[in-house]
Each structure stands twice: as structure tokens, then as C-alpha cells.
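Residue 4 is where the sequence shown starts when you use my numbering, and the numbers rise one by one after that. Worksheet: the structure to be examined is printed underneath.
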Amino acid sequence: MRDCGGTSEPPPSSVPWNMGHRCGDRKASGVPPCLASARRTRCRIGRTSAFRQANRDKNRRRRVMRCAEGNVSEAAAREQATQLHAGAQARMPDELAGRALTGAARAVFVVAALVAVTLALNQLLNLHLFVGVVFIENRYLFLLATSLFPLIFLAFPAHAGARGIPLYDWLIAALACGLLCWFALQAERSLSEGWEYNAPQVAKLLAFVLWLLILEALRRSSGWAMTLIIGAISLYPVVAELIPNPLKGSSQTLADTFAFHLISSESAFGIPMRAFAEIVVGFIVFGVALNHTGGGRFFNDVAFALVGRVRGGAAQVGIISSALQGSISGSVISNVISSGVVTIPAMKRTGFRADYAGAVESVASTGAVLMPPVMGSTAFVMASFLGRSYGEIALAATVPALLFYVALVVQIDGYAARLGLTGLRASEVPRLGAVMREGWFYLPVFGLLIFLLVVLQNEAMAPFYASALLLAINQALPGHRLGWRRLAELAIGVARALADLTAILLAVGLIIGAMSVTGLAGTLANDLVYAAGGAPLVLLVMGALTSFVFGMGMTVTACYIFLAIVLAPPLVKAGLDPLAVHLFIMYWGMVSFITPPVALATFAAAPLAGTSAMRIGLQSVRMGAPLYVVPFCFVLNPALLFRGDAATVIVSIAAAFVGIPAAAAALQGYVPGIGRIPAHAGGHAVRALVIAGGLMLAIPTLVGSTFAASLAAGATTLALGIALLIAVIGKTRTGRISA
């Protein structure tokens, strides 16, 4: 069977194709005719079952690839990727699988996408397309949610095994649409009369119903864990006065709590939804358009052409391809699937172990969400929280992301060198010139996007202009042109992605509302600083562990929003840079994607690698060590985020690009240009010394009284470690030390 990613593999069914005997050879088998007939029947049944199973798995692969191109949500991607694995693998809940849309539902999604994009463009460009309607901000948010939020009930079934879209889901979607329309119509009145604190009874009742629908949409799209966490936090204002310090706050009645959540500008329709409506919509459109025009294939081909033939080339391809794709899509799971379906089989074919290949893709895809120019929806929410431009956020995130990927490349090269692995054959690698001739039109699109983001700082319209240029060029090229059906698929992909994110952001906004209405957000910072004794490093460790724990049950965006309210203020109060603190929280919210027991990225990679998610997860923890360390580097030394004078920034970045790769190489057990670190006591001691020296260079504030003294101590330690390593390797080769 030929996989859509271009790799060949045997039929997935456990039923043998030949059943172990010749069905028609009655005489040779020496059995009565009746038994021979029975055997023939069983054989036909077996072959039929095998063919059916093969077709089912092929269809699943097609659904996975459609997901990777933006047609289904990330939750559905998790389910489809997991179902491809035939082993005894833990599975995602069935209810997280998105429905395959047909008929009227497809038409609804196409219309919803067009309406949502039209609303966004009308608001951002002030087009006045809707004569007689004043689009104040809360009305715009309610109308945008009206076009997207009800789609969740059509895209996701209420329970496992549901077929088609039952009537009750259509009715629930209609109810959600009606409620949001009502609140949109009352937008001006709710502002003038202060409904967020003094709403009429009918508004409180409708707010309660809409609150229930938000939680149900979250349950369908993201599962029970996140729903229970957010549901409990959203009800915190009801019992805030009963909870002891430091979590004690001002209580509200149940009805007033619901009204505040759905009407105020500080809860469900607060910062997350505003960032979504003003910036994120355009980037979702751009990401889906890019994938539907073949951007994913282009990234893969570029990576193969650049590094496919170097040592460990298949894994290096996975790193570059994942970084390119993830920096645009902003989704870990779809990145693992779309890139891994090609790179993981290539890695296995060139000698990489299955668990190592899966770990490479999982770790690279996780780090890609932190890679500019597009860092996922969380970065846009961060820009709103900090009141800074997205371009400033992306620029600050550039050096940490590059540090992570350089460390990953060094580790892969060391692994390949230790095992004597080579690159791909020339026949398996496309020529760069041919790749660029085929996908040249992506370059001006990316150039326009970066110019608008960095130079003009027009974050809101940049992705719309880039999408328009991309589609215009694509439709002008005969070999690339999308037909009406493909354009409809693109619109459905946009609607799915926007609807899924709308449900999540409405839900996580409830966290902000609960903290805001009780006053907890303002008092908790002082309590946490006091509990940590005012020590920033203690607070950072507390923050890292909290981010990791919350990241296991919540999306990165939800985790970030909660910790940006609860944890960021005390860290800033302790004297740390605000931008560095928020990036630190975002980074540590990501590590749960590769850290067992959750490790969702490894569950997506497991069926592609043909091994267990737990084995991939354990390998990912070791390989992803830089992802755990880099946040401490930049939060303790903000010069890595271009904060500070030019000399300090340049020296800090140079030191980090020496220290982090050196530590990564020692961790892998192979230092480029020197050789393999021996596996004996002396080798382990030298390895520890090199790692320590590398970290001291990357985080100069760890030791020394001044910046210069800290760098000198780190450089001395690293140089001593390298010198001892050369001596130990030399003695091992001459036999004076046993390996």
C-alpha cells in the first residue's frame, strides 16, 4: 500500500494475505471436499477482511493528511493519528474525533468562513459594509463568535460512536447562534447600563445557558480534563470568600457570576477573544491557505534538498521541515503528522531507531510553535497582555528558538556519528533548483509577511495581504490552480480552525473573569513573592513546575493565560523582565507535549514510528533537554531577548551559542571535531564538566559577582572540560584507560 506521505509499507491488517494454504488444492490437502470448501470460504472471508481493514486504514491516513492541511481540528488530528497505531497504544477519547462533514454541514462551514473573514476585514479596515450597524468592539466580538462558535456542535459529536449530525446538534448550534445574536443586539445597551454588574434577569438567564454551551463545546473539542478545570475555576467567584488565604477573594452570586463572565470585557469576551478577533483570524487564514496550496510539501522538499545527504540527514530534514511548518501553522500535533509522515519513515530507513525517529519529530514540532515569524495563537494573546506589538514578541523569541534548534541539530549529528549513520542517497533527495522553480512563489509571500510584520508592524492586516498574494499567484499558475471543490475545502479548513480556537478562547477567558471579579489577581502576587522569600530563582522553579502541571490538562493558550494572571505578576515584582517572564511561562507550558505521561506530540508520532508513545516520550525528554533549559537562560539574562545595551546583547548571544550547543553535545556523548565521549568514570566526569561550563556561559548570572566575571568562569570551565576530554579520549584510544 502506498501512503499519502510517499512511503511504502505492508498492509496493516493482522490477517495473512494467503492464509497459509492453497484454497483450491483439495487433493493435496488430503481433506474431504466439505472441509476444503469451508477452508476456501474462510480464506475468502480473511482476504476480504484484510482488504477492508487496509481500506479503512488508508482512509484514516487520508483524513490525517487532510488534518495536516487544515481541514480538521487539532483534537481530531490527535484521534486520527492515534487510531493509525495498531499496537496496544493508549488512545485519545473517541469523542475528540471531528466529524467528516457532508451536505448541508459543508455549506454551513463555507458560509461561516466567508462571514467570519468578512466581519474581520470590515472591522480592521473600517469598510462600513453593514450600513446602519455600529460595530462597537463587544458587538463585533459577539457577531464573530456567532459565525464560528456554533460550528463546534456540528464538527464534534456529543459522544463516541455518533454517526452523522443528529437533529439535537443542529438545535444546539441554532441555540448558540441565537444567544450570541441576542447579546450582539444588546451590545450598546449592555455597555450604557453596566450589565456586567447589574444585568436584567433575562440577561443573567441567557448568560447561564451560554456558559453551559461554552463548557459543552470545550468538552467536545478538548476533552473532560480541561473542561473540569476551567469549569471549576469559572465558579470560583461564588465561593471566593469561603476559601482561606492566599486564595480568598470577593464573592459574587451565581447569577452575577454568569452575567459577568458573558457580558463584561474581562472574561469570556476579554483579552483572548480580542487578540483572536484583531490578529489571530488572519494568521489562521494564512496558515490554512499555505497548506492547501502545497506549502507543507514545499517545506519538506526544501529541507530534503538542503540537508538530506549530510550525516543523519533524514533527522536533520525532520528538524528543518518541522521548524518551517510549525512556524507557520502554530500547531504541534498537525506539525508532527504533516512533517512526520515523510521524515519518520526516512529516518528509520537510514538506521535511526523507531523511538528516536519519533522523538526527533516530536521535539522539533514542539519547538516549532515557538519559532517566529508565526508562533501560534498564544503569542498574539501575549502581545495583548503586555501591550506590545507582535513584531517585538517575535523578535525577542528568535534567539531562544534558534538556540533550541542548534542544540537539537548538534545532538542529532552526535547520535548519527556515534552509530555511523549516513545521509539519504542522491536519488532520494530533490535538487534545490527544481524545488525552488516549483515553489518560487512562496518566497515573495513570506517576504511580504515579514516586511509587514517587522518593518510596518501591521500585525492585523499582514496575514490577510500575504494570503491574498499567495492565492492570487497560486490561481494564476495553471499547475497549481485550485478548483471550486478545493477552494471549498480551504474555506471549511478555515472555519474548522477558527471555530476550534474560538471555543477554547471563550473558555479560557472565564479564567481571567474569575480572577478579575474576585480581585485575586491583584493580591496573589504579593503572597507568592512572600512565600518564595523574594528569591527569583525559587519563583522560577515554582513557575516552571506549575506551568508543566497545568500544561498537562490544558492547552498552551489556556495554561499561559492562567499563569500570566497568577504567576507573571509576582515574577515581575521580583525584578525579572516582563517579556522574559511571559516567554518563560509560554515555553514551560509547551514541555508537556513531549513529557510523559501526557506527551501528546509523542502520541501523534507513535503510529508513524511504529512504536509506543511512552518509549518516544522518554527519548524526547532527553533530546528535548534544551527546551527545559533555554527558558532559564533568557529569563535570567534578558540580553538574549535583545534587552539591554548592544555590547551586552552581542556578547550574551555569542556566549549562549557556544554554551548551549556544547552542553547538548556533551549530553549526547559526542563532541564535533573531538569525538565520542568514553563511557567510563573519567568520561562521565568530563561530560559533566563540559555541561556545567556550557550552562555557565549560557546563564552568566548563575556564578560570579559581575557579568564579565561570570562569563570568564564559564569559559574557563568549558575550556578545562574540553581539554580534559581530549586527554581522556587520547588515553582511551591508546589503551591506557579502558573504554
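Virtual Cβ for every residue (Gly too), placed ideally from N, Cα, C.
Query                                                                                                                                                                     : Result
Which residue from A110, A609, T401 and I323 puts its Cα closest to that of L490?                                                                                         : A110
Should the segment 607-615 be called in touch with the segment 407-417, which here means at least 3 C-beta pairs below 8 angstroms?                                       : no
Which same chain residues, not among the five before or five after G73, have their C-beta less than 7 angstroms away from its C-beta?                                     : Note that G73 scores a pLDDT of 40, beneath 50, so its modelled location is shaky; the value from the coordinates is reported in the next line. So the list reads G290, V291, N294, H295, G496 and A500, once near-sequence residues are dropped.
Is L700 close to chain B, meaning its C-beta is less than 9 angstroms from at least one C-beta of that chain?                                                             : The chain labelled as chain B is not found in the depicted structure, where only one protein chain is given.
In the structure shown, what three-state DSSP assignment does R499 receive?                                                                                               : helix
Taking the alpha carbon of G426 as the reference point, which residue from A382, L231 and T353 has its own alpha carbon closest?                                          : T353
Secondary structure at G678, three-state DSSP: helix, strand or coil?                                                                                                     : strand
What are the boundary residues of the alpha helix (DSSP H) that T237 is part of?                                                                                          : Reading off the sequence shown, one finds Ser at residue 237, where the question assumed Thr. Counting along the chain, the alpha helix (DSSP H) containing S237 begins and ends at W227 to S237.
Within the continuous alpha helix (DSSP H) that includes E199, where are the two ends?                                                                                    : W198 to N201
Kindly identify the DSSP beta-bridge partner or partners of Y673.                                                                                                         : R679
Determine the direct distance from the alpha carbon of K251 to that of W185, and round the result to whole angstroms.                                                     : 35 angstroms
Would you be able to state if there are at least three C-beta pairs under 8 angstroms between the segment 146-163 and the segment 503-522?                                : yes
Using the three-state DSSP reduction, which class does A148 fall into: helix, strand or coil?                                                                             : helix
Give the range of the alpha helix (DSSP H) segment to which H295 is assigned.                                                                                             : V284 to H295
In angstroms with no decimal places, state the Cα-to-Cα distance between V377 and T719.                                                                                   : 38 angstroms
Decide yes or no for the touch test of the segment 703-717 against the segment 675-682: beta carbon pairs closer than 8 angstroms, at least 3 of them.                    : no
Between the Cα of Y418 and those of T230, Q319, I217 and S237, spot the shortest distance and give me the residue it belongs to.                                          : Q319
By Cβ distance below 8 angstroms, which residues in the same chain neighbour A479 in space, the five residues on each side in sequence not counted?                       : none
Contact check, L644 vs A399 under 8 angstroms by CB: the rounded distance?                                                                                                : 4 angstroms
Which of helix, strand or coil does DSSP assign to D648?                                                                                                                  : coil
Leaving out five residues on either side along the sequence, give the residues of the same chain with a beta carbon under 6 angstroms from the beta carbon of A404.       : L373 and M374
Looking at C-alpha atoms only, which residue of I729, L208 and T505 is the closest neighbour of M757?                                                                     : In the structure as shown, the chain starts at 4 and stops at 742, and residue 757 therefore has no counterpart that could be examined.
Taking only the alpha-carbon atoms, compute the straight-line gap between V438 and A429 and give it to the nearest angstrom.                                              : 15 angstroms
Taking 9 angstroms as the threshold (C-beta atoms), are A362 and S342 in contact?                                                                                         : no
For E441, which residues from the same chain have a beta carbon less than 8 angstroms from its beta carbon, with the 5 sequence-adjacent residues on both sides left out? : F301 and D304
Whose CA, out of R314, A386 and S195, lies closest to the CA of F355?                                                                                                     : R314
For L698, which residues of its own chain have a beta-carbon under 6 angstroms away from its beta-carbon, when the five flanking residues on both sides are left out?     : A666
Looking only at its chain, what residues have a beta carbon closer than 7 angstroms to the beta carbon of Y468, apart from the 5 residues adjacent to it on each side?    : L451 and L455
Evaluate the contact criterion for the segment 574-585 versus the segment 524-542: three or more CB pairs, one atom per stretch, below 8 angstroms.                       : yes
Which residues in the same chain have their Cβ closer than 6 angstroms to the Cβ of F743, if we skip the five residues on either side of it in sequence?                  : The requested residue 743 is not part of the displayed model; the chain covers only 4 to 742.
Helix, strand or coil for F133 per DSSP?                                                                                                                                  : coil
Taking the beta carbon of V283 as the centre, do at least 16 other beta carbons fall within 10 Å, making it buried, or is it exposed?                                     : buried
Looking at the structure shown, is R314 part of a helix, part of a strand, or coil, going by DSSP?                                                                        : coil
Please list, in chain order, all residues of the same chain as A93 whose beta carbon is under 6 angstroms from its beta carbon, the five residues on each side excluded.  : The predicted position of A93 is uncertain, since its pLDDT is 32 and thus under 50; a value taken from the coordinates is nonetheless stated next. Contacts found: none.
Please say whether S237 and S519 have beta carbons closer to each other than 9 angstroms?                                                                                 : no
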